[in-house]
Amino acid sequence: MESGHIEPYCLLDAGEEKKVELLGSYRVIRQAAQAHWPKTIAEQWKGADATHQRSKRGGGHWDFHTKLPAAWPVSWGGLNFLVKLTDFGHIGLFPEQNENWQWIDRQCQGEPIHVLNLFGYTGGSSMAAAKGGAQVTHVDASKGVVGWGRENQKLNGLDDAPIRWIIDDCTKYLQREIRRGSTYQGLILDPPSFGRGPNGQAWKIEDALLDLLLLAKELLNPLRFILLSCHTPGYTGLCLANILNSVFKLPFSQMDQGEMVVPLHQSERVLPSGNYARWPK
Numbered sequence: 231m232e233s234g235h236i237e238p239y240c241l242l243d244a245g246e247e248k249k250v251e252l253l254g255s256y257r258v259i260r261q262a263a264q265a266h267w268p269k270t271i272a273e274q275w276k277g278a279d280a281t282h283q284r285s286k287r288g289g290g291h292w293d294f295h296t297k298l299p300a301a302w303p304v305s306w307g308g309l310n311f312l313v314k315l316t317d318f319g320h321i322g323l324f325p326e327q328n329e330n331w332q333w334i335d336r337q338c339q340g341e342p343i344h345v346l347n348l349f350g351y352t353g354g355s356s357m358a359a360a361k362g363g364a365q366v367t368h369v370d371a372s373k374g375v376v377g378w379g380r381e382n383q384k385l386n387g388l389d390d391a392p393i394r395w396i397i398d399d400c401t402k403y404l405q406r407e408i409r410r411g412s413t414y415q416g417l418i419l420d421p422p423s424f425g426r427g428p429n430g431q432a433w434k435i436e437d438a439l440l441d442l443l444l445l446a447k448e449l450l451n452p453l454r455f456i457l458l459s460c461h462t463p464g465y466t467g468l469c470l471a472n473i474l475n476s477v478f479k480l481p482f483s484q485m486d487q488g489e490m491v492v493p494l495h496q497s498e499r500v501l502p503s504g505n506y507a508r509w510p511k
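If you use our numbering, the sequence shown closes out at 511, no skipped numbers anywhere.
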């Protein structure tokens, strides 16, 4: 059922490789690896409800300064998300994808198409495609985040939207879809730097991304749009555009590429948070 008024997300300040965010009614501090400048507004950092502490072994934990709910809703980019504070510092929302969500919605307007969203996490891009009128197949190896995505679908009043939620290793899913003769017209993927499938199989972007895209290419008929984004150091927008050009033979003149960013509240600054390449413009 569609929710009533939900408080928005807001990036209050960033600096010294950290950021302070307003998640509805609660203020949290998390890492921001690309915030290589001094903090700007000292008052925004005071009175945080929770601070994430990263572990040298990966992951981390939250220091809670206030008792917080296990989950609560926030709005951003025309979508609603159920926020949960995970040990890895994720919250279930990647606000830097906002401009991409608007682009996805536009690409899905018109004649209905079938869109494949790989490494779909909690479903922001899947919901943007569904709102644009597409039939969506959302694939992620984590049962927990797929369930989280289903919760977000309901939170947005999209209960009847044609989204298929698949818990699977993305490579294995593509291989099966090829054998089944399935086709898609849109492809969205935001691969992690490193991850594991449902059976523990390892994923490393430098070893697996090209092969994954070659598999996906066999399913795209006809190709209407593609969006490739990531948060891996070294994979710049130009690098991602080169990859799409190599695999799909897409001309550079018809591609957009660059940094994903989050605007800072009451500031001309933006926080860079990953990169993207997409076709068509």
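We put the beta carbon where it would ideally sit given N, CA and C, even for glycine.
Rounded to whole angstroms, what is the Cα-Cα separation between Ala371 and Cys400? 7 Å
Just grab the DSSP bridge partners of Glu381 for me. Glu381 is not bridged to any residue.
Identify, in the order they occur along the chain, each residue of the same chain with its Cβ nearer than 8 Å to the Cβ of Met231, setting aside the five sequence neighbours on each side. With a pLDDT of 39 at Met231, under the threshold of 50, the modelled position of that residue is not reliable, and no figure is offered here.
For Thr413, count neighbouring Cβ atoms within 10 angstroms of its own Cβ and tell me buried if that reaches 16, exposed if not. exposed
If you draw a straight line from the C-alpha of Ser588 to the C-alpha of Gly340, how long is it? Nothing about residue 588 can be read from this structure; the chain reaches only from 231 to 511.
According to DSSP, simplified to helix, strand and coil, what is Gln339? coil
Does the region 289–297 touch the region 415–431, meaning 3 or more C-beta pairs lie closer than 8 Å? no
Suppose contacts are defined by Cβ-Cβ distances below 7 Å. Is Tyr506 in contact with Ser459 by that definition? yes
For Arg284 and Ala359, what's the separation of their Cα atoms in angstroms? 33 Å
What would DSSP say about Met231, mapped onto helix, strand or coil? Confidence in Met231 is poor, its pLDDT being 39 and thus under 50, which makes the residue's placement too unreliable to answer from.
Among Thr316, Ile334, Cys338, which one has its Cα closest to the Cα of Leu457? Ile334
Using only CA atoms, which one of Glu407, Gly377, Glu436 lies nearest to Leu450? Glu407
From the DSSP output, which residues share a beta bridge with Thr367? Leu346, Arg394
Asp486 to Trp509 span [Cα, whole Å]: 7 Å
Go ahead and pull the three-state DSSP assignment for Arg426. strand
Based on the DSSP secondary-structure assignment, which residues constitute the bridge partners of Ile259? Val250, Thr281
DSSP state of Leu474 mapped onto helix, strand, coil: helix
Going by CA-CA distance only, name the one from Lys269, Asn330, Ser423 that's closest to Lys434. Ser423
Can you list, in chain order, the residues of its chain whose CB lies under 7 Å from that of Ile381, leaving out five sequence neighbours each side? Note on identity: in this sequence residue 381 is Glu, with Ile being the wrong assignment. Correct list, in chain order: Leu312.
Can you tell me whether Glu237 is helix, strand or coil according to DSSP? coil
Is the beta carbon of Gly374 less than 7 Å from the beta carbon of Thr352? no
Given a cut-off of 7 Å on the beta-carbon distance, is the pair Val477 and Glu326 in contact? no
Beta carbon proximity, Gly288 to chain D, threshold 7 Å: You won't find chain D in this structure, because it holds only one protein chain.
Is the beta carbon of Ala262 closer than 7 Å to that of Ala278? no
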